[in-house]
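Count the first sequence with this note's numbering and you get residues 10 to 447, in order.
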Amino acid sequence: MIEKQKLKPISGFPEWTPEIRMVEQAWIDRIRAIFESYGFAPIETRSVEPVEVLLKQGDTDKEIYALRRLLEEEGAGGEPDYALHYDLTVPMARYVAANLNDLTFPFKRYQIQRAWRGERPQEGRFREFTQCDIDVVDQRDIPLHFDAEMPAIVYEVMQALEVGPTVTRINNRKVLEGFYRGLGVDAAHEVIRIVDKQDKIGSAGVAKMLTDDLALDDATIAKVLELAAIRGAKADEVVGGVRALGVSGELLEQGLDELHFVMRELEAYPEGAFLADLSVARGLAYYTGTVYEVKFADEPDFPTICGGGRYENLVGSLLNKHLPGIGISIGLTRIFSKLVKDGKIAPTRKTPTEVLVCWPPGGTYEEIKAAAVALRRRGIKTEQFHEPRKMKQQMAYASNKGVPHVWFPAVGADGAHEVKNLTTGEQQAADPSVWTPD
RNA sequence: GUGGCUGUAGCUCAGUUGGUUAGAGCGCCUGGUUGUGGUCCAGGAGGUCGCCGGUUCAAAUCCGGUCAGCCACCCCA
């Protein structure tokens, strides 16, 4: 016997019962349909990448699960070569680099796959989870059109899945870097990382860290905080607000133009759906322009449910070519598990079965099977009861699994088919060659 | 990896001045005779009280360790 604990769920590795999984699969179908409606094509990449590729962008990660053979030869230590991917963007970049000649650009792909991260699990944080990514990669500059389209597509998905109100916060790294550069601060990335914590530690906390860690002077910190405080849905107001801070520079201006365009495009959406927020930074080092962060509007403490942005050098860095990209990722597991936990996923059935062909006493195996085959041939999801048990048991089985119909096959020479609707309790004669479930 | 809290049946939990065969609800299984479920009734299975060690005549209950879970930091979907 294996210890009982070993049979239990492992924290951070979610598993669902069939009724829940069926809802999740319906979500995936819906997401796919929307992605494809915008012309994104599917790919699936292998689960592992060379460690070098994964660590290429900011080697902050000890979070990756490296691959090791269980029955490793004695003393065959050394560093592992491969590891499970921790997101889908880096593998996609490698895939593009590997298949450059076979892809048509701009390459637009979607990818719905699991990813793994070695971090400690918490609410909304898993070690194995599914992401749904769309990205556009090109060998030429990518028009800003996509910067606005990406969050709009994700918004459409969130609406379709009815996950509740969400807010997409948008920023532009060029604005941040340009602004900090204009202030004479070199460590733009460090500042960004700290400012990103504003949500959690507040302005005072940010100010303290900027003083302690980066030794910035008070006047500079004041400007940094003023910038981070700017947020709004109106492109003109937001950009105007930044300009009013009196910092200038080429990169800053470029970023402001981009941010203005994106926000302008999104102004048509319902109020509160999209917000420019100059404190949003996104942790990942490879973002260079527009960045996105989606959260549940009424769950400010719950982590980001979708995120993404523009990256100029991620793909190209693997080939020493110019291959900019932009993408966004939906944290399917994070969103779905949250709704499951809150009881907002209402499963209906434990099986896709639409009709159960029961096995009445006196019926033969052939009679039962014939009815099931006839229904199944017509595309009806049909389950054939597996043994001649008491009708009570068979009915209970159908009922407990949420099968909506029970079929009583014709038995004997003068038998007639009947079907019972378990929802209404009605039972009537039916012809297996024409009947359809409602 | 660091810190805090928690650990009793499949699930939610009750059970402490340490004391005989550890409980409830829900769930699960069986039955309530003959071809019909969801209600009701009866019965049943299921627990080394996370694990190891210590204190004690005696520990689910006290102490130590360990493992696991949750939360925070970190990081992020």
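From the three backbone atoms N, C-alpha and C, an ideal C-beta is built for every residue, glycine too.
Cβ-based neighbour list, ASP90, same chain, cut-off 7 Å, excluding 5 preceding and 5 following
The beta carbon of ASP90 lies closer than 7 Å to those of PRO59 and VAL60 in the same chain, with the five residues before and after it left out.
Since I believe LEU63 is in contact with VAL99 (beta carbons under 8 Å), could you give me their beta-carbon distance rounded to a whole number of angstroms?
With 8 Å as the limit, VAL99 and LEU63 qualify as a contact, their Cβ atoms being about 6 Å apart.
I think PRO27 touches THR360, with their Cβ atoms under 8 Å apart; what is that distance to the nearest whole Å?
PRO27 to THR360, Cβ: 7 Å. Contact.
CA-to-CA distance, LYS206 to LEU260, given in whole angstroms
One alpha carbon belongs to LEU260, the other to LYS206, and they sit about 24 Å apart.
Hey, GLU72 and ASP156: beta-carbon distance below 8 Å or not?
The answer is no: Cβ separation not under 8 Å.
Please report the straight-line C-alpha distance between ASP68 and ALA285, rounded to a whole angstrom.
Residue confidence is low: ASP68 scores 49 on pLDDT, short of 50, so the model does not pin down where it sits. Its coordinate-derived value is still stated next. Their Cα atoms are separated by approximately 30 Å.
Any contact between the region 113–130 and the region 162–178? By contact I mean 3 or more CB pairs, one from each, below 8 Å.
No contact exists between the region 113–130 and the region 162–178.
Ignore the nearest five residues each way along the sequence and tell me which others in GLU24's own chain have a CB closer than 8 Å to its CB.
The residues are PRO18.
Can you check DSSP and say which residues form a bridge with ILE40?
Its beta-bridge partners do not exist; DSSP assigns none.
On the three-state DSSP scale, how would you describe LEU16?
Look at LEU16 here: in three-state DSSP terms it is helix.
At 4 residues or longer, and completely inside the region 318–355: list those alpha helix (DSSP H) runs for me, N to C.
With a minimum length of 4 residues, the unbroken runs of alpha helix (DSSP H) contained wholly in the region 318–355 fall at 341–350.
Mapping DSSP to helix, strand and coil, what is GLY424?
In the structure shown, GLY424 sits in coil (DSSP, three-state: anything other than H, G, I, E or B).
Along the chain, where does the beta strand (DSSP E) containing GLN402 start, and where does it finish?
Counting along the chain, GLN402 falls outside any beta strand (DSSP E), though it belongs to the alpha helix (DSSP H) covering 400–410.
Taking C-alpha atoms, which residue in TYR278, LEU223 and LEU287 lies nearest to ASN180?
Closest in alpha carbon position to ASN180, among TYR278, LEU223 and LEU287, is LEU287.
Using the Cβ count rule (16 or more neighbours within 10 Å means buried), how would you classify LEU328?
Taking all protein chains in view, the Cβ of LEU328 is surrounded by fewer than 16 other Cβ atoms within 10 Å, so the residue is classified as exposed.
Cβ neighbour criterion (16 or more within 10 Å) applied to PRO370
The residue in question, PRO370, is exposed, as its Cβ has fewer than 16 Cβ neighbours within 10 Å.
Give the single residue among SER326, ARG190, GLU396 and TRP125 whose Cα lies nearest to the Cα of TYR104.
By alpha-carbon distance to TYR104, the top candidate from SER326, ARG190, GLU396 and TRP125 is SER326.
TYR104, enclosing alpha helix (DSSP H) - first and last residue
Segment 98–107, the alpha helix (DSSP H) holding TYR104.
Every unbroken alpha helix (DSSP H) within the region 232–267, with a cutoff of 4 residues, ordered by chain
The region 232–267 contains these whole alpha helix (DSSP H) runs: 244–252.
Would you list, in sequence order, the uninterrupted alpha helix (DSSP H) runs of no fewer than 4 residues that lie entirely inside the region 138–208?
You should have 154–170, 182–191 and 197–204.
Which class does ILE121 belong to by DSSP, given the choice of helix, strand or coil?
ILE121 falls in the strand class under three-state DSSP.
To the nearest angstrom, report how far apart GLY316 and VAL233 are at their CA atoms.
A direct Cα-Cα distance of roughly 23 Å separates GLY316 from VAL233.
Suppose contacts are defined by Cβ-Cβ distances below 8 Å. Is ILE344 in contact with VAL172 by that definition?
Yes. Within cutoff.
For ARG134, which residues does DSSP report across the bridge?
According to DSSP, ARG134 shares a beta bridge with GLN131.
Beta-carbon proximity of THR297 to ARG182, cut-off 8 Å:
In this structure, the beta-carbon distance from THR297 to ARG182 falls below 8 Å.
Cα separation between GLN131 and GLN140?
If I take the Cα positions, the gap works out to 17 Å.
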